[in-house]
Amino acid sequence: MKKLLVSFVFVLTLFRSYADEGMWLPLLLGDQVYKDMLKRGLKLKPEQLYSINKASIKDAIVIFGGGCTGEIVSDQGLLFTNHHCGYGAIAAASTVEANYLRDGFWASDKTKEIASKNLSVSFLNRIEDVTDKVLPALGNANGAERGQKLQAITAELVKAATGGDEFKNAVVASMFKGNQYFLFVYDVYKDVRLVGTPPESIGKFGGDTDNWEWPRHTGDFSVFRVYMSKDGKPANYNADNVPFKPKHFLPVSIKGFKDGDYSMIFGYPGSTNRYETSFGVKLSTDINNPTLVKLRDMRLKYMFEEMKKSEATKLQLASEYASIANYWKFYDGETKQLLKFDTYGEKQKAEAAFISWAKGKPEYENIFADYEKNYQEWRPYAAHRQYMIEGITGCRLIGAAAAWQNLEALLKRKDYKPEEVERMVKAADAGRKNYLANNNLKADQNILAAAVMMFYSDIDKSQHPEGFYDNLFKQFNSIEASPYKAFAADVFSNSMMTDNSKWAAFMAKPNLDALMNDPAYKVVSAFIKNFNNKYAAKFAAFSAKNNDLGRLYMKGIMEMNPDKVKMMYPDANFTMRISYGNIKSYQPRDAVKYDFVCTMNGVMAKYKPGDYEFDLPAKFIDLWKNKDYGQYADPVYKDVVVSFITTNDITGGNSGSPVIDANGNLLGLAFDGNYEALSHKLAFDKDLNRTICVDVRYVLWCIEKLGGAKHIVDELKLVK
Ligand code: ARG
0 MKKLLVSFVF VLTLFRSYAD EGMWLPLLLG DQVYKDMLKR GLKLKPEQLY SINKASIKDA
60 IVIFGGGCTG EIVSDQGLLF TNHHCGYGAI AAASTVEANY LRDGFWASDK TKEIASKNLS
120 VSFLNRIEDV TDKVLPALGN ANGAERGQKL QAITAELVKA ATGGDEFKNA VVASMFKGNQ
180 YFLFVYDVYK DVRLVGTPPE SIGKFGGDTD NWEWPRHTGD FSVFRVYMSK DGKPANYNAD
240 NVPFKPKHFL PVSIKGFKDG DYSMIFGYPG STNRYETSFG VKLSTDINNP TLVKLRDMRL
300 KYMFEEMKKS EATKLQLASE YASIANYWKF YDGETKQLLK FDTYGEKQKA EAAFISWAKG
360 KPEYENIFAD YEKNYQEWRP YAAHRQYMIE GITGCRLIGA AAAWQNLEAL LKRKDYKPEE
420 VERMVKAADA GRKNYLANNN LKADQNILAA AVMMFYSDID KSQHPEGFYD NLFKQFNSIE
480 ASPYKAFAAD VFSNSMMTDN SKWAAFMAKP NLDALMNDPA YKVVSAFIKN FNNKYAAKFA
540 AFSAKNNDLG RLYMKGIMEM NPDKVKMMYP DANFTMRISY GNIKSYQPRD AVKYDFVCTM
600 NGVMAKYKPG DYEFDLPAKF IDLWKNKDYG QYADPVYKDV VVSFITTNDI TGGNSGSPVI
660 DANGNLLGLA FDGNYEALSH KLAFDKDLNR TICVDVRYVL WCIEKLGGAK HIVDELKLVK
């Protein structure tokens with residue numbers, strides 16, 4: 000009896016649906032969820048949130064670039080997103096003479112806006128449940144075969160949906176671990192122009208020190224405009240294009256808010272795995288995360304060493320450094336929080352309940368035994384895989400040389416045509432130029448030496464590339480410096496990747512001998528081929544088996560609790576989601592309480608003149624001294640509120656997402672998550688999870704007062 004009671008409680012635990020948890024598909028917002036939204040404070044009708052026939056909030060939300068969210072805020076296609084989302088476009092628009100990244104930029108009128116090559120925004124056109132088309136096509140296939148069949152049916156559905164139109168994009172997304180499939184069709188607008196950005200000292204204030212943390216004082220926003228052809232269609236850049244006319248745009252509220260007010264976020268969360276198993280959690284905390292963190296630590300150290308020495312190197316490496324640092328801190332924090340919450344133990348309890356339910360049900364009763372076996376088989380190689388991704392090819396020279404593998408294959412074929420070689424060599428030349436333009440050789444060389452050294456002691460000898468270390472020690476033994484440093488120096492001074500005349504000679508006469516004897520390519524041949532020949536198939540099998548088991552586990556969970564299914568949401572997969580909750584303060588640890596807002600006074604308190612992360616523009620300080628807040632001061636705080644936190648359930652990909660009030664007005668932009676709940680991809684914590692948002696009043700203050708671009712504020716529909 001006791002046992003039964005225990006499992007019943009844990010079954011509930013598995014499903015406990017807190018209003019804050021959940022990334023809801025807009026078209027599946029059931030009655031229960033909608034009623035819960037009303038209870039939390041929403042004042043809108045369902046069709047105002049999402050409708051296929053009428054304009055709704057969803058029409059103002061876009062995929063920005065490859066991995067962020069943006070929102071339309073005027074009837075002329077004006078768009079807000081995060082500074083860290085516009086970062087690439089801002090850097091690309093900058094030169095040493097006109098350094099918009101450092102100094103900020105505001106287009107004085109539309110003719111001064113800067114076209115951003117390679118940047119597009121996608122509007123969701125329609126969603127279709129295609130489960131009935133996909134599942135029959137997959138039949139009973141498992142593993143790799145299922146993957147191939149999925150690819151085939153996906154290609155078919157995508158082709159039917161886009162008809163090859165370059166301004167349409169379609170994606171078939173798996174929901175509930177492959178138990179359902181949805182087709183998403185987008186209209187893609189490719190003329191997107193930079194309207195303005197604050198200086199980096201505002202847009203990235205606090206840098207990596209403050210990243211993933213609350214309290215937070217970052218003005219993480221930038222402004223773009225979407226253009227369309229004169230006849231109102233998506234188009235490539237053309238000077239004659241006109242501002243996009245949206246079906247809906249978000250009004251902007253500068254009224255302010257209180258602790259506890261309703262908040263709702265629309266956007267594109269990238270990935271979660273809320274039904275990850277205890278085995279998966281343990282592999283992350285034991286091996287995958289610590290290995291990644293250790294290797295990124297090393298790479299960041301060597302990159303920063305060179306960035307400190309020169310402004311040009313800083314600009315060159317800034318963007319890559321930021322992205323490596325972002326998930327270095329994330330995975331370090333994730334491990335700490337998973338251990339703090341004992342997520343492993345919690346998952347085990349939920350699994351015990353599932354196992355006892357599954358007893359005697361042939362389809363389900365072996366799932367966890369199979370999981371255990373699958374993880375046991377893969378575990379010895381997990382660190383090796385991380386080393387390949389974050390260590391060996393973390394040296395970008397090796398990553399770039401890896402692209403020569405297709406040249407090797409071609410040159411080994413006796414019957415190749417000269418024009419095939421020419422095409423490949425041309426591509427290799429572009430890859431090499433790209434490598435040399437975007438990397439610092441000194442840093443990259445240090446990274447190679449360290450990665451190869453760390454691999455030697457961290458990875459089991461039986462997995463080392465055959466003969467590689469014997470040769471290395473033999474060849475670089477007599478030199479007084481470390482053999483690893485001598486080895487890396489040899490690679491960097493003698494590879495045709497870094498030597499122009501050697502490369503010119505190779506281009507003139509591409510031949511297998513020169514390729515195979517290149518010291519960088521020898522590293523590729525040793526490490527990458529070793530992994531690909533011996534371990535890649537094991538990883539593919541491990542992943543395929545995990546997918547099969549995950550699909551079954553999920554199906555079982557739904558069968559176990561039919562009445563809870565309506566309150567279940569599918570894991571994030573970069574499809575549009577709505578999350579709802581409240582603006583809310585929190586208690587990060589015993590005796591400490593965090594307020595729900597940060598202010599400009601707080602920015603000034605962190606100010607460190609000349610600092611890499613906490614410097615401020617002189618004009619900012621003047622305006623602050625004069626309390627020149629315009630219409631943006633908060634009536635309670637008598638200061639400009641810079642940022643606030645909500646209980647909304649979001650994750651990476653939501654960056655730039657609108658935070659919307661009960662009436663559909665914009666309050667701010669989501670840009671981060673808090674440290675105390677960094678385990679959120681695998682388990683949502685109802686007490687500690689917070690979304691960090693830049694307040695739209697600070698955004699407008701930065702545009703109008705700091706940037707002198709009041710004409711942009713005039714374009715908005717302000718709610719006062
Ligand atoms: N943590 C933020 C996110 O993943 C990105 C912040 C970028 N800033 C930085 N200092 N690296 O959305």
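Per numbering that gives the first Met the number 0, the sequence shown starts with residue 0, numbered consecutively. Glycine is no exception: its CB is placed at the ideal position from the N, C-alpha and C atoms. Predicted model only: the values in this text are computed from it and were never measured.
> Is any heavy atom of the ligand ARG found at a distance shorter than 7 Å from the C-beta of Lys116?
Replying inline: In terms of side-chain proximity, the C-beta atom of Lys116 is found no nearer than 7 Å to any non-hydrogen atom of the ligand ARG.
**Item:** Nonlocal neighbours in the same chain, by C-beta distance under 7 Å from Arg298, ignoring five residues either side
**Value:** Annotation for Arg298: Ile323, Gly393 and Ile446 place their beta carbon closer than 7 Å to its own, counting only its chain and skipping 5 residues before and after.
| query | In terms of alpha-carbon separation, which member of Pro379, Ile577, Ser50 and Asp131 lies closest to Lys460? | reply | For the residues Pro379, Ile577, Ser50 and Asp131, the minimum Cα distance to Lys460 belongs to Pro379.
Validate contact between the region 46-64 and the region 247-257 using beta carbons, cut 8 Å, 3 pairs | Yes, the region 46-64 touches the region 247-257.
Environment of Gly344 [buried if 16+ CB atoms lie within 10 Å]:
Exposed, since its Cβ has fewer than 16 Cβ neighbours within 10 Å.
Review point. Helix or strand or just coil, what does DSSP make of Glu305?
Key: Three-state DSSP puts Glu305 in a helix.
> Quick check: the region 220-237 against the region 73-83, are there 3 or more CB pairs under 8 Å?
Replying inline: The region 220-237 makes contact with the region 73-83; the number of CB pairs closer than 8 Å reaches 3 or more.
message = Is any non-hydrogen atom of the ligand ARG found closer than 7 Å to the C-beta of His463, if you look at the structure I gave you?
response = Relative to the ligand ARG, even the nearest heavy atom lies 7 Å or more away from the CB of His463.
Notebook entry, point to check: For the ligand ARG, any of its heavy atoms closer than 7 Å to the Cβ of Trp211?
Noted result: Checking the Cβ of Trp211 against the ligand ARG gives yes.
| request: Quick one: give me the first and last residue of the beta strand (DSSP E) that Ser115 is part of. | output: For Ser115, there is no enclosing beta strand (DSSP E), as DSSP marks it with neither H nor E.
Notebook entry, point to check: Can you give the Cα-Cα distance for Tyr180 and Tyr628, rounded to whole angstroms?
Noted result: Computed Cα separation, rounded: 49 Å.
message = Is it the case that the region 676-693 contacts the region 258-275, given that we only count it when at least three CB pairs across the two stretches are under 8 Å?
response = Cβ pair count under 8 Å is three or more, so yes.
*What three-state label does DSSP hand Gln75 in the structure shown?*
Under the three-state reduction of DSSP output, Gln75 falls in the coil class, being neither helix nor strand.
Query - Cα-Cα separation between Gly398 and Leu715, rounded to whole angstroms - result: Going from the Cα of Gly398 to the Cα of Leu715 covers about 46 Å.
Exercise for the section: Please confirm whether Gly266 and Ile649 have their CB atoms less than 8 Å apart. Expected result: The answer is yes: Cβ separation under 8 Å.
Anyone know if the C-beta pair for Ile366 and Leu551 falls short of 8 Å? Closer than 8 Å, so yes.
Practice task
Identify whether Ala708 lies in helix, strand or coil by the three-state DSSP scheme.
Solution key: In this structure, Ala708 counts as coil in the three-state DSSP scheme.
Which one of Tyr386, Ser107 and Thr645 has the shortest CA to CA distance from Val292? Taking only the C-alpha atoms, the option nearest Val292 is Tyr386.
Residues near Ser524 in its chain [Cβ-Cβ closer than 8 Å; skip 5 each side]
The answer, listed in chain order, is Met515.
Locate the beta strand (DSSP E) running through Ile201, then write down its first and last residues.
First-last for Ile201: Glu199 to Gly202, but that is the alpha helix (DSSP H), not the beta strand (DSSP E).
**Asked** Ala504: which of Leu548, Val451, Asp428 and Trp327 sits nearest, CA to CA?
**Response** Taking only the C-alpha atoms, the option nearest Ala504 is Asp428.
Where does Ser309 land, buried or exposed, given buried means 16+ other C-beta within 10 angstroms? Ser309 should be labelled exposed.
Exercise. Hey, Ala571 and Met22 are a contact pair by Cβ (cut 8 Å); roughly how many whole angstroms apart?
Worked result: Contact flag correct, Cβ pair sits at about 5 Å.
| task | In angstroms with no decimal places, state the Cα-to-Cα distance between Glu371 and Ala400. | result | Looking at the two C-alpha atoms, the distance is approximately 37 Å.
### Counterpart residues of Gly195 in DSSP-defined beta bridges
Within the DSSP bridge table, the entry for Gly195 names Trp105 and Val222 as partners.
Open item on the list: Quick check: the Cα distance between Met553 and Tyr236, rounded to an integer number of angstroms?
Closed with: Between Met553 and Tyr236, the C-alpha separation is close to 45 Å.
Secondary structure at Arg721, three-state DSSP: helix, strand or coil?
The question about residue 721 has no answer, for the chain in this structure spans 0 to 719.
Considering only C-alpha positions, which residue in the set Gly672, Val658, Ala159 and Lys132 is nearest to Gly255?
When each option's Cα is compared against that of Gly255, the closest is Val658.
- Task: For Pro509, collect the residues of the same chain with a Cβ closer than 6 Å to its Cβ; drop the 5 residues on either side in sequence, then sort them by chain order.
- Result: Closer than 6 Å at the Cβ level, and outside the excluded window around Pro509, lie Val420 and Val424.
ask   = Cβ of Asp731 within 7 Å of any heavy atom in the ligand ARG?
value = Any question about residue 731 goes unanswered here, given that the chain covers just 0 to 719.
Review point. Would a C-beta distance cut-off of 8 Å place Val120 and Ile62 closer than the cut-off?
Key: Yes, Cβ-Cβ distance for Val120 and Ile62 is below 8 Å.
Exercise. Is the number of C-beta pairs between the region 115-135 and the region 93-104 that are closer than 8 Å three or more?
Worked result: Fewer than three Cβ pairs drawn from the region 115-135 and the region 93-104 lie within less than 8 Å of each other, which leaves the two stretches out of contact.
Between Leu338 and Gly672, what straight-line distance do the alpha-carbon atoms span, to the nearest angstrom? Using only the alpha carbons, I get a separation of about 18 Å.
Taking the straight line between their C-alpha atoms, what separation do you get for Trp327 and Arg295? Roughly 6 Å separates the two Cα atoms.
Is Arg39 near Tyr468, with beta carbons less than 8 Å apart? Cβ distance not < 8 Å, so Arg39 and Tyr468 don't count as in contact.
| query | What residue range is occupied by the uninterrupted alpha helix (DSSP H) comprising Phe278? | reply | Start and end: Ser277 to Leu282.
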